[in-house]
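Asker: Mind having a look at this structure? Questions to follow.
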């Protein structure tokens with residue numbers, strides 16, 4: 002049976018919102034808030050003041066990207082504003098081309114007492130700066146981003162700051178929370194050029210719904226944080242700054258009677274440790290050490306305490322699933338090492354098996370409600386703050402979707418029934434009332450939309466969340482959603498992640514490239530000595546093909562290797578190949594035996610390094626290729642942004658590379674641990690494939706990131722499998738080795754090494770200049786004997802029938818991308834040590850290097866100060882330009898012919914636009930018909946704007962200007 006809910010006042014002129022068991026419909030319209038005009042060189046934007054509170058217009062120069070604010074009289078009178086939009090959200094760059102981001106049609110959602118509406122994007126349109134330069138690939142990506150923004154779940158409002166909760170706004174005096182501002186990257190040109198704050202429209206991703214049960218108005222807003230915004234398998238866990246995946250703030254806002262306003266907030270978020278899932282089995286990995294996770298774990302809860310107060314964590318995962326058991330144990334470990342966090346577990350799958358959902362209510366009443374009462378909620382009456390919320394409940398399951406959706410719905414409704422409704426004396430409601438059904442349905446829709454953003458499907462618990470019953474139909478729909486998620490994870494998520502990265506400014510191919518930004522960047526670089534210092538650090542690297550050797554015990558003696566690290570390097574990187582046998586079991590799955598082997602290696606290496614000085618940063622592997630990174634404890638807080646990838650060069654993944662990249666202070670380091678196929682040019686081709694594919698592959702839990710060559714320092718390490726060429730025979734090599742061993746004169750010995758190295762394939766390819774992949778790399782002077790192939794447990798080279806020719810398979814190469822002019826010499830002066838180690842547990846000898854690297858340390862406060870000085874100078878220049886425009890307009894009034902000549906090319910441009918009409922139509926969606934009541938709506942809204950009690954941006958404009966300037970404007 003269909004119910005009609007009157008959510009608009011009788012004289013509003015807007016359509017009614019229809020509530021059914023299946024759908025909550027909202028009116029679609031274009032509110033005509035923004036008008037656009039275009040000339041060959043400029044875009045002009047002007048706003049309807051009654052809808053937006055925006056007084057000045059914008060002039061955007063296409064070539065430079067410079068934006069000027071103009072008064073109406075400063076706009077040339079003959080420019081036609083013939084295109085109307087609902088909003089202007091900023092400027093986006095897609096693979097080097099710039100676009101205006103405009104909103105065509107919107108869904109209207111009334112805000113509480115109906116004085117104004119929150120707007121959900123229904124149709125988004127991009128306007129290219131230079132349409133003829135937009136390639137087919139860019140056009141396809143443009144359409145994909147437009148579709149993503151138009152599918153629902155993106156909201157903005159001219160009269161209310163959607164990124165902040167009521168408590169943050171009224172008590173903390175926040176007008177913007179950049180953590181939830183999904184168009185922050187799009188607004189940067191406006192922020193950098195200090196355009197009026199009213200033009201900074203706040204876009205959130207999440208869910209908004211409203212319900213009216215007079216005298217009660219109810220609004221549910223969920224804001225998804227953008228700092229780690231992404232898709233399910235691509236963004237898991239925490240990052241180096243303490244932000245977690247799928248972090249959502251859900252706020253219930255109630256307006257009661259004439260002047261009572263109430264708000265309650267709860268949050269969800271991924272388990273705040275470093276973890277990921279890989280492969281078709283989605284096996285869970287803890288890629289980084291507990292020490293690294295502990296830093297980010299602490300930062301995450303420091304963030305929660307700062308913004309929300311005390312915290313109660315509710316973990317909904319089960320111990321019956323190995324992945325969830327592993328993650329829950331890691332969660333408990335870190336909770337036990339931090340103070341003032343209450344941690345609760347509720348195995349929702351087990352407890353609610355057989356549709357026993359009432360057990361959630363029992364758990365809430367027993368464990369949570371007392372905390373909720375202590376935490377309280379925000380309320381105000383008129384201008385008087387009555388109370389504030391002093392704590393928060395943080396919920397999670399593995400994905401923070403289905404179980405979390407349902408638990409948060411129960412928690413939200415219990416908060417209303419047990420805390421808020423009793424507070425509103427005289428207001429009563431039962432679970433049989435239509436209002437309750439509306440609230441329940443809204444929370445169900447909330448879960449669906451959050452799930453669509455993160456996993457691409459509705460929640461698997463959608464049916465039970467909306468109706469309170471699962472049933473056979475709900476069970477089948479849930480299974481279908483699970484199947485769709487599996488398909489999305491393997492086929493669609495990487496593309497969607499790339500779209501998110503472009504919107505958020507994280508895609509390296511779509512960085513801002515407006516001319517004024519280059520000018521700012523150039524001026525900052527010219528003054529970088531004022532905020533940047535450099536520091537020399539040592540990196541100790543060992544590469545060893547261990548031939549399946551495993552330490553016998555955790556205190557195995559490796560001092561022959563680590564005595565070379567007598568300078569106590571800040572970083573120790575241990576790269577192994579053939580860690581385990583290349584059998585089907587090790588290739589297909591991660592075995593307990595392999596896990597135990599890695600643990601033995603880690604404990605043995607830490608014992609030799611000294612656990613009082615070093616800690617494990619992380620371990621990264623592909624079958625038998627294993628990279629272990631250790632660091633001194635005093636630089637733990639300076640390591641961040643660790644990324645991992647692998648590239649296979651054989652079907653079985655026994656050959657290929659494990660690639661790890663991270664930041665040390667403000668310098669990015671990349672380690673490529675390789676085990677390549679031998680065979681001359683085949684080896685070179687392996688290297689080419691690794692450099693081309695690393696961080697560029699799209700598969701489950703992987704999406705495109707910055708390529709290897711974008712790193713500052715690159716280490717190419719491993720069993721590179723370069724041999725000696727066929728011009729020299731086995732016996733001749735052994736004779737040369739014998740001669741070297743007998744020689745006592747170092748200079749003579751060096752000549753003997755050089756003679757033998759003439760046959761080395763790596764040197765040959767390097768000197769031939771035919772293979773560009775090697776030209777950037779340098780190597781230390783080789784003054785050690787070939788490291789392969791020896792008989793195990795001896796120093797004797799291969800005496801088998803095969804008689805493998807001794808060679809230098811195991812190498813360490815280095816590329817300093819910040820100092821490329823010094824790469825002309827093949828021998829690097831950065832190598833302070835480069836030699837092999839006489840350890841005979843394998844058929845390879847370990848090779849070690851001590852490399853001195855220069856890292857950058859940026860003083861962010863000084864850089865921000867310099868940036869503001871540069872922008873202020875540009876602002877003064879813009880004022881001069883505006884005055885010149887005004888003077889020109891005065892002259893044009895006395896010279897109509899001259900005024901016409903200024904824009905004589907405008908008609909030419911219009912003709913060009915007609916010529917590319919077909920091309921441009923591909924970029925645009927079909928325009929929805931304007932709502933018949935739109936004119937009346939605008940008049941009503943203008944009248945109602947004067948009655949708004951909740952917010953006026955201008956009251957706190959100075960505060961927000963100060964906050965918005967804290968945005969990281971440029972990334973050096």
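Residue numbers (our numbering): 2 to 973. Glycine is no exception: its CB is placed at the ideal position from the N, C-alpha and C atoms. Everything numeric in this text was worked out from a predicted model, so none of it was measured.
#1: On the three-state DSSP scale, how would you describe residue 41?
#2: Measuring only the C-alpha atoms, how far is residue 138 from residue 696?
#3: How far does the beta strand (DSSP E) with residue 128 in it extend, from its first residue to its last?
#4: Restricting to Cα atoms, I'd like to know which of 88, 753, 566 is closest to residue 188.
#5: Excluding the 5 residues preceding and the 5 following residue 129 in the sequence, name in chain order all residues of the same chain whose CB lies nearer than 6 Å to its CB.
#6: Take residue 811 as the anchor and find which of 818, 788, 689, 337 has the nearest alpha-carbon.
#7: Using a threshold of 8 Å, state whether the C-beta atoms of residue 645 and residue 634 are closer than that.
#8: Do you know offhand how far residue 291's Cα is from residue 276's?
#9: Locate the beta strand (DSSP E) running through residue 360, then write down its first and last residues.
#10: Which one of 532, 640, 625 has the shortest CA to CA distance from residue 657?
#11: From residue 98 to residue 38, what distance separates their C-alpha atoms?
#12: Go ahead and pull the three-state DSSP assignment for residue 2.
#13: Since residue 688 sits in a beta bridge, which residues does DSSP pair it with?
#14: Compute the beta-carbon to beta-carbon distance between residue 65 and residue 516, rounded to the nearest angstrom, for a pair I have assumed lies under 8 Å.
#15: Can you check DSSP and say which residues form a bridge with residue 545?
#16: Starting from residue 284, follow its DSSP beta bridges and name the residues at the other end.
#17: Can you tell me which residues form a DSSP beta bridge with residue 850?
#18: Is residue 654 helix, strand or coil when you go by DSSP?
#19: Are there three or more Cβ pairs, one per stretch, closer than 8 Å when the segment 533-546 is compared with the segment 204-213?
#20: Would you mind reading off the limits of the alpha helix (DSSP H) that contains residue 229?
#21: Taking residue 68 as the reference, give the member of 719, 750, 46, 168 with the closest Cα.
#22: Quick check on residue 831: buried or exposed, where buried means 16 or more other Cβ atoms within 10 Å of its Cβ?
#23: Looking only at its chain, what residues have a beta carbon closer than 7 Å to the beta carbon of residue 612, apart from the 5 residues adjacent to it on each side?
#24: Return the chain-ordered list of same chain residues with a C-beta closer than 8 Å to the C-beta of residue 361, the five sequence neighbours on each side being excluded.
#25: Just checking: is the beta-carbon of residue 359 within a distance shorter than 8 Å of some beta-carbon in chain B?
#26: When the Cα atoms are used, what is the spatial distance from residue 1 to residue 555?
#27: Report, in whole angstroms, the separation of the C-beta atoms of residue 661 and residue 630, which I expect to be a contact under 8 Å.
#28: Between 561, 659, 606, 500, which has its C-alpha nearest residue 579's C-alpha?
#29: Apart from the five residues just before and just after residue 365, which ones in its own chain have a Cβ nearer than 7 Å to its Cβ?
#30: Can you tell me where the beta strand (DSSP E) with residue 717 in it begins and where it stops?
#31: Which of the three DSSP states, helix, strand or coil, is assigned to residue 864?
#32: For the beta strand (DSSP E) holding residue 216, just list the boundary residues, first then last.
#33: I need the boundaries of the beta strand (DSSP E) containing residue 94, first residue and last residue.
#34: Along the chain, where does the beta strand (DSSP E) that runs through residue 314 open and close?
#35: So, residue 288 versus residue 621, is the Cβ gap smaller than 8 Å?
#36: Take residue 568 and list the residues in its own chain whose beta-carbon comes closer than 6 Å to its own, dropping the five residues that flank it on each side.
Answerer: Looking at the atomic coordinates:
#1: DSSP, read as helix, strand or coil, puts residue 41 in coil.
#2: Between residue 138 and residue 696, the C-alpha separation is close to 20 Å.
#3: DSSP places residue 128 inside the beta strand (DSSP E), whose first and last residues are 118-129.
#4: Comparing C-alpha distances from residue 188 to each of 88, 753, 566 shows the shortest one belongs to 88.
#5: These residues qualify, in order along the chain: 100, 135.
#6: The shortest C-alpha separation from residue 811 is found at 788.
#7: Taking C-beta atoms as the reference points, residue 645 and residue 634 fail to come closer than 8 Å.
#8: In a straight line, the C-alpha of residue 291 is about 11 Å away from that of residue 276.
#9: Counting along the chain, residue 360 falls outside any beta strand (DSSP E), though it belongs to the alpha helix (DSSP H) covering 359-364.
#10: With distances taken between CA atoms, residue 657 lies nearest to 625 out of 532, 640, 625.
#11: Taking the straight line joining both Cα atoms gives about 20 Å.
#12: For residue 2, the pLDDT reaches just 29, beneath the cut-off of 50, and the residue's location in the model is therefore unreliable, although a value from the coordinates is still provided. Note: residue 2 maps to coil in three-state DSSP.
#13: In the DSSP assignment, no residue is bridged to residue 688.
#14: Between residue 65 and residue 516 a beta carbon distance of about 4 Å is seen, short of the 8 Å cut, so the two are scored as contacting.
#15: BP columns for residue 545 point to 577.
#16: 279.
#17: Note: residue 850 sits in a beta bridge opposite 542, 835.
#18: DSSP places residue 654 in coil when its eight states are reduced to three.
#19: Touching, no.
#20: DSSP places residue 229 outside any alpha helix (DSSP H), giving it a letter other than H or E.
#21: Check the Cα spacing between residue 68 and each of 719, 750, 46, 168: the tightest is with 46.
#22: Around the C-beta of residue 831, 16 or more other C-beta atoms lie within 10 Å, and the residue is accordingly described as buried.
#23: For residue 612, where only same-chain residues beyond five positions count, there are no Cβ hits under 7 Å.
#24: Answer for residue 361: 347, 349, 352, 353, 407, 408, 411, listed in chain order.
#25: You won't find chain B in this structure, because it holds only one protein chain.
#26: With the chain covering 2 to 973 only, the question about residue 1 has no answer from this structure.
#27: Yes, they are in contact, since the Cβ atoms of residue 661 and residue 630 sit about 7 Å apart, within 8 Å.
#28: Ranking 561, 659, 606, 500 by Cα distance to residue 579 puts 659 first.
#29: Once the five neighbours on either side are set aside, the close Cβ partners of residue 365 are 411, 412, 415.
#30: Counting along the chain, residue 717 sits inside the beta strand (DSSP E) bounded by residues 714-720.
#31: Here residue 864 sits in helix by DSSP.
#32: Taken as a continuous stretch (DSSP letters only), residue 216 belongs to no beta strand (DSSP E), as it is neither H nor E.
#33: According to the DSSP assignment, residue 94 belongs to the beta strand (DSSP E) that extends over 88-95.
#34: Note, residue 314: beta strand (DSSP E), 311-316.
#35: It is a contact, given that the beta carbons lie within the stated cut-off.
#36: Correct list, in chain order: 539.
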